[in-house]
Ligand SMILES: C[S@@+](CC[C@H](N)C(=O)[O-])C[C@H]1O[C@@H](n2cnc3c(N)ncnc32)[C@H](O)[C@@H]1O
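Numbering (full-length UniProt numbering), first residue to last: 1 to 287.
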């Protein structure tokens with residue numbers, strides 16, 4: 001069975017309103033695959049009936065939204081950003097933050113936590129004694145945030161990008177799963193945050209490195225650039241913003257382009273707060 005176009009539009013509109021993620025026509029099969037287990041568990045005869053229920057039942061609505069966010073992730077995903085972090089970003093921050101010896105990193109669409117914990121592992125290996133680091137992991141999905149806090153992963157998830165030596169060093173067996181060490185868990189703090197919410201960022205401070213990876217692709221053009229506009233004050237003036245490898249900003253509107261500069265770090269292009277041009281040097285008033 002494929003869901004009717006009216007049900008698809010109803011659920012796609014809900015997802016867009018709540019998360020800004022765009023489900024285009026043709027993704028009916030995906031909605032159906034993701035909602036069928038929830039429909040069965042809720043005692044609904046089919047996904048159509050479940051979608052109708054979601055419009056009035058707030059508990060089921062939260063579950064449906066959690067199921068429809070795309071949570072694809074892996075350890076050290078794409079490798080090159082993590083290489084750039086160790087080879088270029090961290091050495092520079094160790095110099096510039098020598099006075100405070102404190103680093104703040106934000107994984108801004110953290111999914112089940114592999115991104116935040118991958119960074120935590122690198123910090124554990126490369127941060128000199130006497131330094132502290134805080135990693136903030138945020139996501140719109142409360143189910144994903146529960147997973148980050150639990151720090152438990154299936155064997156299939158462990159097989160995706162985690163070197164065997166790293167597994168042995170930071171994980172212990174917990175039944176059929178693997179549990180990340182309490183030390184790493186202590187460095188990662190979770191917070192619910194909807195990137196598309198215009199006021200969401202007021203609750204977070206300024207970060208030395210922000211990972212905003214593989215999430216902008218799910219938004220429309222206006223939402224993507226609104227997020228990049230609002231993100232600017234939350235990246236330290238000498239900080240780094242890392243996007244996903246397929247997330248291009250070449251078509252940035254002029255006002256957003258003025259906020260960011262790009263810097264090649266190995267095989268990764270980082271976004272960095274653009275240095276503001278002092279008014280006096282560009283426009284000589286009265287000249
Ligand atoms: C494909 S995963 C990317 C995870 C990780 N950053 C990576 O690169 O592996 C996308 C994540 O973005 C989250 N997401 C989707 N819409 C969001 C929104 N409006 N605000 C915050 N997170 C959102 C999803 O819940 C999902 O966990």
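Ideal Cβ placement from N, Cα and C applies to all residues, glycine included.
Residue i Cβ short of 8 Å to ligand 1 heavy atom set
i	result
residue 218	yes
residue 214	yes
residue 121	no
residue 114	yes
residue 229	no
residue 188	no
residue 194	yes
residue 268	no
residue 158	no
residue 141	yes
residue 72	yes
residue 144	yes
residue 205	no
residue 151	no
residue 246	no
residue 62	no
residue 110	yes
residue 21	yes
residue 77	yes
residue 107	yes
residue 90	no
residue 138	yes
residue 69	yes
residue 211	yes
Nearest-angstrom Cβ-Cβ length linking residue i and residue j, presumed shorter than 8 Å
i	j	result
residue 225	residue 253	6 Å
residue 42	residue 53	7 Å
residue 232	residue 259	5 Å
residue 66	residue 143	4 Å
residue 135	residue 120	6 Å
residue 20	residue 196	3 Å
residue 58	residue 31	Not a contact, Cβ separation roughly 19 Å.
Extent of the continuous alpha helix (DSSP H) run through residue i
i	result
residue 52	47 to 54
residue 187	182 to 187
residue 119	114 to 126
residue 37	28 to 41
residue 61	58 to 68
residue 290	The structure shown has nothing for residue 290, since the chain only spans 1 to 287.
residue 254	254 to 257
Element boundaries [beta strand (DSSP E), containing residue i]
i	result
residue 229	No beta strand (DSSP E) holds residue 229; the alpha helix (DSSP H) holding it covers 221 to 231.
residue 240	235 to 243
residue 95	It is not in any beta strand (DSSP E) - residue 95 instead sits in the alpha helix (DSSP H) that spans 90 to 96.
residue 6	Here residue 6 belongs to no beta strand (DSSP E); instead the alpha helix (DSSP H) covers 5 to 19.
Bridge partner(s) assigned by DSSP for residue i
i	result
residue 107	137 and 211
residue 178	153 and 173
residue 270	263
residue 190	137
residue 102	132
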